[in-house]
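Colleague: Dropping the structure in here first, questions after.
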Amino acid sequence: MGSMEPDQKWDVMLVGGGFGGMYLLNKLRNFGFDVHLYESGSTFGGTWFWNCYPGARVDSIVPTYQFSSDETWDQWEWSEAYPKREELEAYFRHVGKLWNLYSNASFNSRVVSAHWDIEEKVWVCEISNEQENTTTIVKSRILLFCAGLSAVPYKPPFEGVDDFKGKIYHTSRWPREGVDLKGKRCGVIGTGATGVQVIQEVGPVASHLTVFQRTPNIALPMDQAPLSKEDNIKLKKDMPETLELSKATWAGFLYSWHDKCAMDDTPEERESFYEKLWERRGFGFWVGNYKDTTVSPEAAEAAYQFWRKKTAPMIKDPYKREKLCPEVAPNPFGTKRISLYRTYYDIFNLPTVDLIDVNENPIHDITENGIRLQDGMEVELDVLIFATGFDTITGGLTHVDIRGTDPSFTLGDKWKKGCQTYLGMCSNGFPNFFWVYGPQSPGPFSIGPTCIEFQGDWLTQLLRDLRYPEVEKKWREMILEAGEKGLFKYAKSWWFGANIPGKQRECYNYMLGMPEYRKKCGEVRRNGYEGFQLK
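In structure tokens, the structure reads:
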């Protein structure tokens, strides 16, 4: 590809038009870089462009889930504490116009490959526009991926999918014009965060809904509320303090782990503390809990049993109750991504909603009329919805043909036996190639914009960098060592790649929190970008 004449050539090429791409496009352009952004969707929004399934909304409360620049929040008002996807899309349009980003972005543009030209020292990228049936060759001195954690949908390879005569949808590729599910027999495979949201919406309108569950979701109540003009005025007034607090906490929320261990308190004190957390709703009962909740089996069990005591009475049917809130925790509490619900457990009280445990009775295949289970039972459906998640964390990078100084292997090839990065932003052998909110960063354990803006600020000060492999090895060892501590390793979660068959199972994230991550990146910079070779 290196000999091909490019259609465009940039200082920096950005891939992805969500929070990361928009933030870096604005920042790098302001610093004088000749920068351009490529997005596979038809406008800005990233994951909020693609995930337009019924009930899609953010589970991070405003005002933390937004850009921190004064002009972006000073001229915007939120209508809800947890905005719907439609409002988030409107927010991205607002910021895109405010920062005048559209003139430096190409939409419907999917990056097919990116190969490093050793002689010219540039990235040569092939970009496909499937709407116009065109291919563009772009060269860039620096390649920066902002694909996020959920760029590549995962659909289990069930036999017979093509035989189904009804409609099949994956939640992350839902038709933007919407789907009328009223009066339809619907099936939902998956009960993660997306499954919870879509089930809440489909249950009341479908003539019948069958939910296929592998792992119960230990979901917490969402403290949803409308926001008035007065609420927005107060949010803006408190914004400087809010932003500073967000930078100081483990995950970027406005609260952090309690400074005590669970067993330091008496059972009565622990119960009182849990009650206060529960009344706050939201993620407080997770990352505002005792500091050893995800480390100590006793602490995790205490938290789970309190959750079960609060949740189980909501479910009337004994069978469904035990499947949704089992006596034995499916995973140590808090070691899989917590979801927030509004009516999720109530939905299962509807006589038109069934629950099937696929551990007891696995899906055998897809038939013309629905889903056949291992025992021969066939569930007839008009619509089949896959809420089966993504090849998270690494997928946005490994599903692109990215080749560095050794053209014989891709970045995905390098990571087959384990993810290797430095600072969770780059990988040896792939010069001038970076990413934000990706593997071995604090991304999944933080509010997206908080991590993205910090990494974006850090990366704008780098130009052409080549990596030393020794520091990458040390960074990987630190990531894996942190992952071995506590209870996270016992959960079959996408944080550890357990949701994708054949994927290397290991810790893919920086788990020590945003404050420690800021500290480490600061040390690297103060030491003259220790671990980088600047040329």
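Numbering (UniProt numbering), first residue to last: 1 to 535.
In this text, a Cβ means the ideal position worked out from N, Cα and C, and glycines have one as well.
Predicted model, so just to flag it, every value in this text is computed and none were measured.
(1) Excluding sequence positions up to five away, which residues of its chain have a Cβ less than 7 Å from the Cβ of W415?
(2) For a minimum of 3 consecutive residues, which ranges assigned as the beta strand (DSSP E) are wholly contained in the region 436–511?
(3) Nearest CA to the CA of A193: which residue from F433, A56, C521 and M314?
(4) Answer with buried or exposed for L350, where buried requires no fewer than 16 other C-beta atoms within 10 angstroms of its C-beta.
(5) Which same chain residues, not among the five before or five after F285, have their C-beta less than 8 Å away from its C-beta?
(6) Which residues in the same chain as A81 place their Cβ atom closer than 7 Å to its Cβ, once the five residues preceding and following it in sequence are excluded?
(7) Drop a sphere of 10 angstroms on the beta-carbon of I118, count the other beta-carbons inside from all chains shown, and report buried for 16 or more, exposed for fewer.
(8) On the DSSP letters alone, give me the boundaries of the alpha helix (DSSP H) that Q374 sits inside.
(9) Check residue 540 in the structure and name its three-state DSSP category.
(10) R141 lies in the beta strand (DSSP E); which residues open and close that run?
(11) How far does the beta strand (DSSP E) with H170 in it extend, from its first residue to its last?
(12) How long is the line joining the alpha carbons of K520 and P313, rounded to whole angstroms?
(13) Please look up how many angstroms separate the CB atoms of K141 and N432, rounded, as I've assumed it's under 8 Å.
(14) Which whole runs of the alpha helix (DSSP H) in the region 256–343 are 4 residues long or more, in chain order?
(15) Expressed to the nearest angstrom, what Euclidean distance is found between the alpha-carbon atoms of D238 and D231?
(16) Between the region 345–359 and the region 314–322, are three or more C-beta pairs nearer than 8 Å?
(17) Restricting to runs no shorter than 3 residues, where is the beta strand (DSSP E) found entirely within the region 172–225?
(18) With a cut-off of 8 Å on the beta carbons, I'd call T135 and N51 a contact; round off their distance for me.
(19) Could you name the residues of the same chain whose beta carbon sits closer than 6 Å to that of Y468, not counting the 5 residues immediately before and after it, in chain order?
(20) Please confirm whether I168 and L373 have their CB atoms less than 8 Å apart.
(21) From V524 to W116, what does the alpha carbon distance come to, in whole angstroms?
(22) Report buried or exposed for residue 575, applying the criterion of at least 16 other Cβ atoms within 10 angstroms of its Cβ.
(23) Rounded to whole angstroms, what's the CA-CA distance from V124 to S408? Just pull it up for me.
(24) Taking V112 as the reference, which of G16, E327, Y255 and V287 has the closest Cα?
(25) Excluding the five sequence neighbours on either side, which residues of its own chain have a C-beta within less than 7 Å of the C-beta of D7, listed in chain order?
(26) Mind the definition here: the region 375–384 touches the region 482–495 only if three or more C-beta pairs lie below 8 Å; say whether that holds.
(27) Should A248 be labelled buried (16 or more other beta-carbon atoms within 10 Å of its own) or exposed?
(28) With which residues is T410 paired in a DSSP beta bridge?
(29) How many angstroms separate the CA atom of T43 from the CA atom of E87?
Modeller: Let me lay it out:
(1) T394 and T398
(2) 465–467
(3) A56
(4) exposed
(5) L220, Y274, L277, W278, A303 and W307
(6) I61, V62, D223, Q224, A225 and L227
(7) exposed
(8) From DSSP, Q374 is part of no alpha helix (DSSP H); its letter is neither H nor E.
(9) In the structure as shown, the chain begins at 1 and stops at 535. Residue 540 is therefore absent and cannot be evaluated.
(10) T134 to F145
(11) K167 to H170
(12) 46 Å
(13) The sequence shown places Arg at residue 141, not Lys. Rounded, the Cβ-Cβ distance is 6 Å, consistent with contact.
(14) 267–280, 284–287, 297–311 and 318–324
(15) 11 Å
(16) yes
(17) 185–189 and 208–213
(18) About 27 Å; that fails the 8 Å criterion.
(19) Legend: pLDDT at Y468 = 47, less than 50; position of this residue unreliable, no value from coordinates given.
(20) no
(21) 25 Å
(22) Absent from the structure is residue 575, since the part of the chain shown begins at 1 and ends at 535.
(23) 16 Å
(24) G16
(25) T136, I137 and V138
(26) no
(27) exposed
(28) R403
(29) 14 Å
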